[in-house]
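Engineer:
Residue numbers (the working numbering): 2 to 377.
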C-alpha cells in the first residue's frame, strides 16, 4: 500500500471502516471505490446535461444550457489537462442566449438550438414555449435563423417554432476525431404545417445554410442523426452514429449495427443497456450506455462480440447514463489521444445512484493515464 493510501485510511474512524465493509462493492458508488483503488483524487468539473462535443474553428464546444469552449490542441502538445474550458458569452443583438439545448456545425458556422420555457397557469409546470435556431462564426455573436417561411410563426426578425412541436439540429460529424472537415453539413428538423406527401404537415429535415434555413432534404421524418461516410451523408433515427475509413456504425437499443457500404447492416448485441453514444479509435469502438461505458475491439472495422475491459479507470468512473463521447484523434489507439465523456442521471435525481456532483463532463488525457472530471 502506498504512502498516500496509508494516510487516507489512517484518518478514517474505525466504525466508518466497518460500515464501509458492510456495503457491497457493487453499490451505487463504485466510481468512488475505483478512484481510491487507482489512487486518483477526483477533481472539480463542469456539471449539467452535456449531450455532445462539437469541433469548430480550432476549438471544442459543448453546452449544458450555457456555452463552453476550449482549444482543440492535444494535451500532449500543450501539457495541460483540467481547467481548460471557458464560458462563452453568447449573444444575439446584445441579448444573451439562454437555454442552449444542443449544437451543430458545418465547418463554416456553429449552430445552436434554444428553448424558451413558459410556466403553465394551471399547474405551475414549465413547458416548452418557443424554440429558435441561431448561427455564428465565432460562438460569441449570433444571428437568429429565419424559419417563418416554414412555420408561419413570428417574422423574419424573430421567427420561432411554437409550443411543444419537435425540433432539433445535428450534423454529419465530418471532421470529428481529427479527420477532414470536407463534406461536413448541419441540419435542422422541424415541423412544416404544409409538408408531407398529402400537404397536411410533416417533420422535415433541412440543410442549414449559414444564416438561413436551406433546402429540404429527402431524409425521412423519423431521423435525428447523421454521419459522413464514403463521400455522402447517411441519416439515422438512432442516438449514436460514427464512421471510419471502412465502416459506418449506428446504435439500436443495446446493439451496434455496422455496414461497409451504408445500406447492408449487421449487428452485435452487447446487452449492456440502451446505447446512447458511440466513438471510435483506431482499435476500438467505445460506447456509452444507460449503465456506463464499454468498448469492443475492431477487427478490420468489424466490432468484436466480446467486450474488453479498459486498462484505466473509465468503467469505475463513468457508471451511469453516458450521453456523450468524443475522441480528439480517432486515428490513434484507445488511450493514445484525448478522450471526453459526459454522464447524466437516469430518471429523477432523488432516486439515482449518482449525485449531481458526479453528473457532467469527464476527460482522459494520455499524459496522466486516467479519467477524471473536466472543467473550467
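We treat Cβ as the ideally placed atom computed from N, Cα and C, and that holds for glycine.
For clarity, every value in this text was computed on a predicted model and none was experimentally measured.
Output needed for residue 236: all residues of its chain with C-beta closer than 6 Å, excluding positions within five of it in sequence on either side, in chain order.
Structural biologist: These residues qualify, in order along the chain: 220, 224 and 227.
Engineer: What are the complete alpha helix (DSSP H) segments, minimum 4 residues, inside the region 56-94?
Structural biologist: Listed in chain order, the complete alpha helix (DSSP H) runs (minimum 4 residues) inside the region 56-94 are 76-79.
Engineer: Pick out whichever of 58, 280 and 88 has its Cα sitting closest to the Cα of residue 245.
Structural biologist: Of 58, 280 and 88, the residue nearest in Cα terms is 280.
Engineer: For residue 107, which option in 72, 211 and 79 has the closest C-alpha, if you only look at C-alpha atoms?
Structural biologist: Minimum Cα distance to residue 107 is reached at 211.
Engineer: In angstroms with no decimal places, state the Cα-to-Cα distance between residue 203 and residue 191.
Structural biologist: Taking the straight line joining both Cα atoms gives about 8 Å.
Engineer: Should residue 140 be labelled buried (16 or more other beta-carbon atoms within 10 Å of its own) or exposed?
Structural biologist: When all chains shown are included, residue 140 counts as buried.
Engineer: Residue 318 by DSSP, collapsed to three states: which one?
Structural biologist: Correct three-state label for residue 318: helix.
Engineer: Please list the terminal residues of the continuous beta strand (DSSP E) segment that includes residue 180.
Structural biologist: Neither: residue 180 is in no beta strand (DSSP E) and is coded neither H nor E.
Engineer: Between the Cα of residue 178 and the Cα atoms of 331, 261 and 158, which residue gives the shortest distance?
Structural biologist: Here the closest residue by C-alpha is 331.
Engineer: Could you tell me which residues DSSP pairs with residue 234 in its beta bridges?
Structural biologist: Per DSSP, 229.
Engineer: Residues bridged to residue 369 by DSSP?
Structural biologist: For residue 369, which the question treats as bridged, DSSP gives no partner whatsoever.
Engineer: Answer with buried or exposed for residue 372, where buried requires no fewer than 16 other C-beta atoms within 10 angstroms of its C-beta.
Structural biologist: That one is buried.
Engineer: Kindly indicate which residue of 117, 180, 136 and 342 has the alpha-carbon position closest to the one of residue 360.
Structural biologist: Comparing Cα positions, the closest option is 342.
Engineer: Below 8 Å on the Cβ atoms is my guess for residue 114 versus residue 169; work out the distance and round it to an integer in Å.
Structural biologist: About 6 Å; that satisfies the 8 Å criterion.
Engineer: In angstroms with no decimal places, state the Cα-to-Cα distance between residue 95 and residue 144.
Structural biologist: Each residue's alpha carbon lies about 11 Å from the other.
Engineer: For residue 284 and residue 302, I'd like the C-alpha separation in whole angstroms.
Structural biologist: Near 8 Å, if we compare the C-alpha coordinates of residue 302 and residue 284.
Engineer: Using DSSP's beta-bridge definition, name the partner residues of residue 186.
Structural biologist: Residue 186 is not bridged to any residue.
Engineer: Would you tell me roughly how many angstroms separate the C-alpha atoms of residue 247 and residue 130, rounded to the nearest one?
Structural biologist: Cα-Cα distance, rounded: 43 Å.
Engineer: Counting only the same chain and skipping the five closest in sequence on each side, list residues whose C-beta sits under 6 Å from that of residue 49.
Structural biologist: Hits under 6 Å: 65 and 361.
Engineer: Can you tell me whether DSSP reads residue 328 as helix, strand or coil?
Structural biologist: Residue 328: strand per DSSP, three-state reduction.
Engineer: Count the other CB atoms within 10 Å of the CB of residue 88; is the residue buried (16 or more) or exposed (fewer)?
Structural biologist: It counts as exposed.
Engineer: Buried or exposed: which applies to residue 366, given that a residue is buried once 16 or more other Cβ atoms fall within 10 Å of its Cβ?
Structural biologist: Flag for residue 366 reads buried.
Engineer: Nearest by alpha-carbon distance to residue 216: which of 189, 251, 173 and 232 is it?
Structural biologist: Checking every option, the nearest Cα to that of residue 216 belongs to 189.
Engineer: Just the Cα atoms here: how many angstroms apart are residue 118 and residue 74?
Structural biologist: Computed Cα separation, rounded: 37 Å.
Engineer: Could you tell me which of 97, 292, 369 and 252 sits nearest to residue 267, measuring between CA atoms?
Structural biologist: It is 252 whose Cα lies nearest to the Cα of residue 267.
Engineer: What residue from 299, 260, 249 and 306 has the CA that sits closest to residue 272's CA?
Structural biologist: Among 299, 260, 249 and 306, the Cα nearest to that of residue 272 belongs to 306.
Engineer: Counting only runs of 3+ residues fully inside the region 252-303, write out the beta strand (DSSP E) ranges in chain order.
Structural biologist: Counting whole runs of 3 or more residues, the region 252-303 contains the beta strand (DSSP E) stretches 256-260, 267-270, 276-281, 285-290 and 293-300.
Engineer: So the alpha helix (DSSP H) residue 338 belongs to, where does it begin and stop?
Structural biologist: Segment: none, residue 338 is in no alpha helix (DSSP H) and carries neither H nor E.
Engineer: Decide if residue 270 is buried, meaning its Cβ has at least 16 other Cβ atoms within 10 Å, or exposed.
Structural biologist: So residue 270 counts as exposed.
Engineer: Check whether the Cβ atoms of residue 105 and residue 172 sit closer than 9 Å, and answer yes or no.
Structural biologist: Cβ distance < 9 Å, so residue 105 and residue 172 count as in contact.
Engineer: Going by the CB atoms, is the gap between residue 146 and residue 213 shorter than 9 Å?
Structural biologist: It is a contact, given that the beta carbons lie within the stated cut-off.
Engineer: Beta carbon of residue 198, beta carbon of residue 185: below 9 Å?
Structural biologist: No.
Engineer: Exposed or buried, residue 264, counting other C-beta atoms within 10 Å across all chains shown (16 or more means buried)?
Structural biologist: Label assigned to residue 264: exposed.
Engineer: Find out if the Cβ-Cβ distance for the pair residue 137, residue 112 is shorter than 9 Å.
Structural biologist: In contact: residue 137 and residue 112 (Cβ atoms closer than 9 Å).
Engineer: When burial is assigned at 16 or more other CB atoms within 10 Å of the CB, is residue 231 buried or exposed?
Structural biologist: When all chains shown are included, residue 231 counts as exposed.
Engineer: Should residue 127 go down as buried or exposed, given a rule of 16 or more other Cβ atoms within 10 Å for buried?
Structural biologist: Exposed, by the Cβ-count rule.
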